[in-house]
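The structure appears below as structure tokens.
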Amino acid sequence: MAWLPMAAAQAHTGDSKDKVAADVIRIDLDALSKATWTAQERENAELITDFIQHIMNDHDFEWVMQKHGEDNYVQHNRNLAEGIPGVIESVEGIVKRFPEYTYDVKKIYVDGDFVIFHSHVTMKEEDRGDESKGLIITDTWRVVDGEIREHWDAIQPLDGSMRFFTLMNGGKIRNTNSIF
47 MAWLPMAAAQ AHTGDSKDKV AADVIRIDLD ALSKATWTAQ ERENAELITD
97 FIQHIMNDHD FEWVMQKHGE DNYVQHNRNL AEGIPGVIES VEGIVKRFPE
147 YTYDVKKIYV DGDFVIFHSH VTMKEEDRGD ESKGLIITDT WRVVDGEIRE
197 HWDAIQPLDG SMRFFTLMNG GKIRNTNSIF
């Protein structure tokens with residue numbers, strides 16, 4: 047299983063990061079890791095797992111900014127602003143509209159400096175596990191010297207509402223980086 051539900055909800059303080067569902071998805075790296083990974087590949091997978099857990103599932107944007115805000119991060123998804131602040135801005139906007147937004151990592155692949163997550167993203171708790179709802183996202187990151195340096199993604203909407211969501215949220219060019 048790629049995620050393990052957390053038993054208790056976080057305390058609600060009124061911040062958007064605290065308005066998450068009672069069952070916060072936890073990425074189970076041990077279940078998703080491969081025995082063939084080198085020690086460095088395992089470290090790279092742990093770095094990305096922590097990053098994704100905090101930003102996509104815990105919605106802990108402050109942690110992400112403190113830990114990765116200085117990373118020399120090149121965003122190859124042109125719909126997102128450059129750097130870690132651009133990722134945070136995008137996810138904060140989604141979480142504001144969809145507080146139950148989660149990122150269920152199904153597979154992790156690692157090849158040297160590259161870490162790839164194949165994930166099922168849902169906006170509502172009731173849609174978790176329903177393969178006909180949400181988005182399938184394949185993310186690729188390049189990790190160098192313990193920093194997240196580059197990110198690419200491919201996004202597949204699974205239902206009509208997500209096709210509309212991607213249509214309405216895509217298309218605006220927010221950085222000039224190559225898509226490759």
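In the numbering used here, the protein residues as written are 47 to 226. C-beta: ideal position from N, C-alpha, C; glycine also.
Item	Value
In whole angstroms, what separates the C-alpha of K179 from that of G206?	9 angstroms
Just to confirm the assignment, what range does the alpha helix (DSSP H) spanning A77 have?	75-78
Assuming Y149 contacts S165 (C-beta within less than 8 angstroms), just tell me the rounded distance between them.	5 angstroms
Could you check how far apart the C-beta atoms of I73 and F107 are, in whole angstroms? I think they sit under 8 angstroms.	Not confirmed; about 17 angstroms, so no contact.
To the nearest angstrom, report how far apart I98 and H105 are at their CA atoms.	9 angstroms
Going by C-alpha distance, which of H100, Q121, R174 is nearest D185?	Q121
Taking I94 and V190 to be in contact with their CB atoms under 8 angstroms, please state how far apart those CB atoms are, rounded to whole angstroms.	Actually they are not in contact, since the Cβ atoms of I94 and V190 sit about 13 angstroms apart, beyond 8 angstroms.
Counting C-beta neighbours from all protein chains within 10 Å, is the total for D157 16 or more, i.e. buried, or is it exposed?	exposed
Under a three-way DSSP split, which group does E193 fall into?	strand
Could you work out which residue in L204, W198, R88 is closest to F226 when comparing CA atoms only?	W198
Check the C-beta distance from I182 over to L204 and give it rounded, since I have them as a contact under 8 angstroms.	6 angstroms
Give me, in chain order, the residues of the same chain whose beta-carbon lies closer than 6 angstroms to that of V167; leave out the 5 immediate sequence neighbours on both sides.	Y149, G180, L181, I183
CB E177 to CB E146, shorter than 9 angstroms?	no
Measure the CB-CB distance between V151 and L78 and report whether it falls below 9 angstroms.	yes
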